[in-house]
Structure formats: structure tokens, C-alpha cells
DNA sequence: ACTTTTACTGACCATTTAGTCAAACCATTT
DNA sequence: AAATGGTTTGACTAAATGGTCAGTAAAAGT
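Protein chains in written order, with our numbering: chain L, 1 to 200; chain Z, 1 to 200.
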């Protein structure tokens with residue numbers, strides 16, 4: 001996978017940065033070339049068209065995201081530990097601008113999901129993993145679809161929306177930073193508690 | 001406020017529609033003119049520039065959103081009823097594409113929030129309302145900032161992200177629709193339960 | 001030494017797009 | 001019926017932008 005030349009890497013990094021902040025329509029080939037420190041002609045030499053380059057970036061970003069949310073190693077680790085790890089990993093991913101980029105581009109052009117539909121796994125492993133635990137009687141029954149959506153929402157939205165939250169809570173920069181640093185643990189505690197008690 | 005001519009209304013409706021789906025960079029003045037069924041020259045006659053028209057739409061959309069999230073009438077209704085109403089209203093707003101539009105444009109140009117910072121109330125009324133109830137001993141103590149963020153996240157993200165959720169849960173259209181129709185009630189029940197029991 | 005291939009670029013082209021303007025249109029007033 | 005003033009538009013312009021191409025330089029192959 002990583003049989004890329006230095007230049008190709010520089011271009012992909014630059015393109016990712018520019019596409020994620022400006023979106024497809026806002027991105028400029030010249031800006032990507034500048035960011036990658038090459039000429040615009042070189043950019044077209046490596047990736048024929050803007051469309052082409054965009055698809056490459058979008059597909060990779062989308063894959064990263066889908067892998068993140070559907071990966072759930074079935075090793076021997078206790079589910080509580082696994083869940084905490086997952087949440088940390090999820091928050092790390094969200095600190096990039098990738099998710100907003102994905103959502104925005106899908107909104108602009110829903111067909112971007114069609115190609116995905118074929119590749120994707122039928123059901124996130126997360127859900128079947130916990131359903132198995134429940135059926136084995138090792139956990140109180142919960143609606144795992146609800147838990148799954150709660151998990152994602154509580155992780156993703158506060159970061160997507162961070163600036164507006166700070167505005168509407170009226171917190172200063174320091175307080176808000178402290179709050180957001182503690183936040184992942186809060187989410188983990190809540191969900192683990194819900195899973196232990198059962199949530200219908 | 002509503003001393004607008006027919007044409008101005010048509011333009012604003014068209015502009016909102018186009019900006020919300022395409023974003024500032026993706027939107028075309030010609031497309032807005034077509035949607036409003038007037039000429040591009042007329043469009044510029046009413047609103048000098050694209051920038052101008054965009055600011056008008058962005059400000060209105062942002063105001064709608066901030067009003068929604070910071071309004072919390074201090075009437076005599078029981079907090080439980082109020083919360084259920086709020087959640088329904090929030091979901092209705094989210095069915096438009098407004099929120100993703102706001103988040104995307106702020107991401108593109110964070111300065112869009114600077115002008116807002118002056119106008120906004122220091123603290124969402126929601127938070128102080130519940131803090132008052134708690135101090136009056138009418139409710140178990142919770143961290144209201146956490147509740148506030150949970151409320152928003154659980155409402156907003158599943159709708160922003162609906163298409164991807166459907167993909168990763170593997171639900172068919174019908175099942176997913178049923179699920180999403182029940183979802184607001186699920187959120188309301190959960191939050192009311194959390195507030196009654198107290199959430200730290 | 002020479003040819004070929006690969007990486008790269010400046011200069012250019014074609015199209016798109018925001019914005020302008022003079023003229024046409026139309027309702028109201030004089 | 002002529003003048004007035006607000007509204008509307010086709011035709012145009014200037015700038016931005018994606019993309020091309022001939023040519024250079026250097027590395028690789030022979």
C-alpha cells in the first residue's frame with residue numbers, strides 16, 4: 001500500500017489538508033500544489049484531474065472512518081477495557097477535520113455513498129459483539145442499536161460542534177479545555193454504566 | 001422584519017436552499033437565480049454580491065439555531081414536559097440541512113463566529129434553569145454542562161450522520177425509518193431518567 | 001557515448017463565474 | 001400621452017481556475 005514516492009505522499013498530505021478545510025468546491029489545485037511545494041502542472045502529472053485526486057482522498061478518509069467504527073477485535077480483553085480504548089481512539093480520529101469533511105461531501109453528493117455500500121460489512125461488529133455477550137447472559141439486555149448510536153453521538157458531536165458549545169455555555173478557553181479533556185472519561189463511564197444496568 | 005417583497009422572499013428561499021446543499025464555494029449565483037426564477041442580473045440588483053447574500057443567509061440560519069438552543073421559556077410548565085417539547089422542536093429543525101451548513105462554513109472560515117460572539121447570551125438558559133431547580137432541591141444534582149452536551153449530541157448527530165448509520169448498522173430503509181421515528185422518545189426518556197437520578 | 005524514460009515546469013488555453021451596464025419594460029403620476 | 005421611477009434582463013467583461021503541452025533536466029538503460 002505504501003509504495004508511494006516522496007512526491008506522491010507530499011501531494012496526498014497537501015490535498016487532504018486542503019480538501020478537508022475547503023471541501024471539494026472550495027479547494028484549489030494551485031493551493032494544493034503550493035502546499036505540496038510543487039507546480040500545478042506536476043500535480044496534474046501525478047493525478048490527472050481534481051476529481052481524481054478528490055476521489056482518492058475521499059475514499060481513503062472514508063475507509064479510515066469505516067474501519068475505525070467497524071473494527072472490534074474479538075480478543076480476550078474485557079469489554080469494559082475495549083470500550084474505553086475505542087472511545088480514546090475515536091476521539092483522536094475526530095480531532096482531525098475528517099468527519100465533517102465526509103459528512104459535508106456526502107450531503108453535497110449522496111452518490112459518494114453508493115460505491116461504499118458494496119464494500120461495507122453488513123453490520124458493525126460492535127453490535128454483534130455485545131449482542132453475543134447479552135445472549136450468553138454475561139450482561140443485562142440493552143438495545144444495542146441505541147447504545148451504538150449513543151456512543152457515536154456522544155463522541156462525535158461535541159467535537160464537530162465544539163466552537164458553538166463554547167459559545168453557548170459561555171465557558172472561557174481554559175475551562176472549556178479542561179471540560180473537554182475530562183469528557184471522554186465521562187462518556188465511557190456513562191456507557192459502561194448503561195451497559196451494566198441494561199438500557200432498553 | 002417581514003417587510004420583504006415577493007421577489008426578495010423568492011431569492012432568500014432559493015439562496016438558502018442552494019447554499020445549504022452546496023456551501024458557499026459550491027453555490028452558483030446562476031443556480032440561485034434559476035431557483036428563484038429570475039435573471040442573474042436581477043439577483044445582483046437585489047443583493048449586490050454573493051458574499052452579501054451569503055452573509056444574510058448565514059446570519060439568519062445561525063440566529064435560528066442559536067435561538068432554538070438558547071430559548072427556554074421560564075413558564076410554569078413542568079420541566080419534563082418542556083424537555084420533551086424541546087427535543088421534538090430540535091429534531092424538526094435538524095431535518096433541514098441547516099446545521100451541517102453552519103458547521104461546514106464555520107470550519108471553512110472560523111471568523112464567522114467572531115461577530116456572533118458579541119450578540120450571544122453568556123450562558124444557555126437551559127443550563128441555569130436546571131441549575132436553579134437543583135439548588136432549590138427539586139432535583140438530584142447533575143453536571144448540567146454534561147447534560148446539555150448529551151442532549152444536543154443525542155439529537156443532532158444521528159440526523160447529521162443518518163446515512164452512514166444506516167450503512168453501518170445494516171438496517172433496511174423501513175427498519176431504519178421505524179427506528180428513527182422512535183428515537184426522539186428514546187432520547188427524552190433517557191435524559192429525563194438521568195436528571196431524576198442525578199448524573200455527575 | 002547514446003538513447004530512452006521519468007520527473008518536472010512555465011507558458012498557455014478554454015471555460016466558468018461573479019459582477020456590470022445600457023436598454024427595455026411597466027406601473028403610476030402629471 | 002408624456003414623463004418619472006422602480007424593476008428586469010441580455011449581452012458583455014475581467015478574473016479565476018482546471019487542464020494541456022512542448023520542452024528541460026536528470027536518471028536509467030544500452
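Just so it is clear, CB atoms sit at the ideal spot from N, CA and C, and this is done for glycine as well.
Measure the CB-CB distance between residue 43/L and residue 66/L and report whether it falls below 7 Å. no
Just verifying my parser: in three-state terms, what is the DSSP assignment at residue 27/L? coil
Residue 16/L classed as buried or exposed, judged by whether at least 16 other C-beta atoms fall within 10 angstroms: buried
Quick check: what's the CA-CA separation for residue 54/Z versus residue 81/L? 47 Å
Any C-beta of chain Z within less than 9 Å: which residues of the segment 134-167 of chain L qualify? 143, 145, 146, 148, 149, 150, 152, 153, 154, 155, 156, 157, 158, 160, 161, 163, 164, 165 and 167
Look at residue 144/Z and residue 131/Z and say whether their C-beta atoms are less than 7 Å apart. yes
When you compare each of 197/L, 88/L, 175/L and 7/L to residue 140/L by their alpha carbons, which one comes out closest? 197/L
Please look up how many angstroms separate the CB atoms of residue 46/Z and residue 8/Z, rounded, as I've assumed it's under 8 Å. 6 Å
Residue 5/L to residue 106/L, Cα distance in whole Å? 30 Å
Mind checking which residues open and close the alpha helix (DSSP H) that includes residue 154/Z? 144-160
Going by alpha carbons, who is nearest to residue 18/L out of 62/L, 98/L, 64/L and 93/L? 98/L
Could you tell me whether the Cβ atoms of residue 153/L and residue 124/Z are closer together than 7 Å? no
Starting from residue 124/Z, find everything on chain L with Cβ-Cβ shorter than 7 Å and list it in chain order. 168 and 169
Apart from the five residues on each side of it in sequence, which residues of its chain come closer than 8 Å, Cβ to Cβ, to residue 142/L? 130, 134, 194, 195, 198, 199 and 200
Rounding to the nearest angstrom, what Cα-Cα distance links residue 109/L and residue 58/Z in this structure? 21 Å
Determine the direct distance from the alpha carbon of residue 71/Z to that of residue 78/Z, and round the result to whole angstroms. 16 Å
Less than 8 Å between the CB atoms is what I'm expecting for residue 103/Z and residue 161/L, so what's the real figure, rounded? 7 Å
Partners in chain Z for residue 127/L, counting only beta-carbon separations shorter than 8 Å: 169
So, helix, strand or coil for residue 80/L, using DSSP? helix
Burial state of residue 20/L, where buried means 16 or more other Cβ atoms lie within 10 Å: buried
Alpha helix (DSSP H) segment containing residue 105/L, residue limits: 98-108
Excluding sequence positions up to five away, which residues of its chain have a Cβ less than 8 Å from the Cβ of residue 113/L? 106
May I ask which residues mark the beginning and end of the alpha helix (DSSP H) holding residue 175/L? 173-197
Would you call the CB atoms of residue 87/Z and residue 184/Z closer than 7 Å? yes
Reduced DSSP secondary structure (H/G/I, E/B, other) of residue 21/Z: helix
If you draw a straight line from the alpha carbon of residue 56/Z to that of residue 31/Z, how long is it in whole angstroms? 17 Å
Which word fits residue 178/L, buried or exposed, when buried means at least 16 other C-beta atoms lie within 10 angstroms of its C-beta? exposed
Below-7 Å beta-carbon distance, residue 104/L vs any chain Z residue: yes
Would DSSP call residue 62/Z helix, strand or coil? helix
What separation, rounded to the nearest whole angstrom, lies between the Cα atoms of residue 40/Z and residue 34/Z? 8 Å
Could you tell me the distance, in whole angstroms, from the CA atom of residue 14/L to the CA atom of residue 38/L? 11 Å
Can you confirm whether residue 69/Z, when its beta carbon is compared against all beta carbons of chain L, has any partner nearer than 7 Å? yes
Just to make sure I have the definition right: I need the residues of chain L whose C-beta is within less than 8 Å of the C-beta of residue 58/Z. Which are they? The contacting residues do not exist; residue 58/Z stays about 13 Å from chain L at best.
Indicate the three-state DSSP secondary structure (helix, strand or coil) for residue 38/L in the structure shown. coil
Between which residues of its own chain and residue 27/L is the CB-CB distance below 7 Å, once the five residues before and five after are set aside? 18 and 19
Please classify residue 137/L: is it buried, with 16 or more other beta-carbons within 10 angstroms of its beta-carbon, or exposed? exposed
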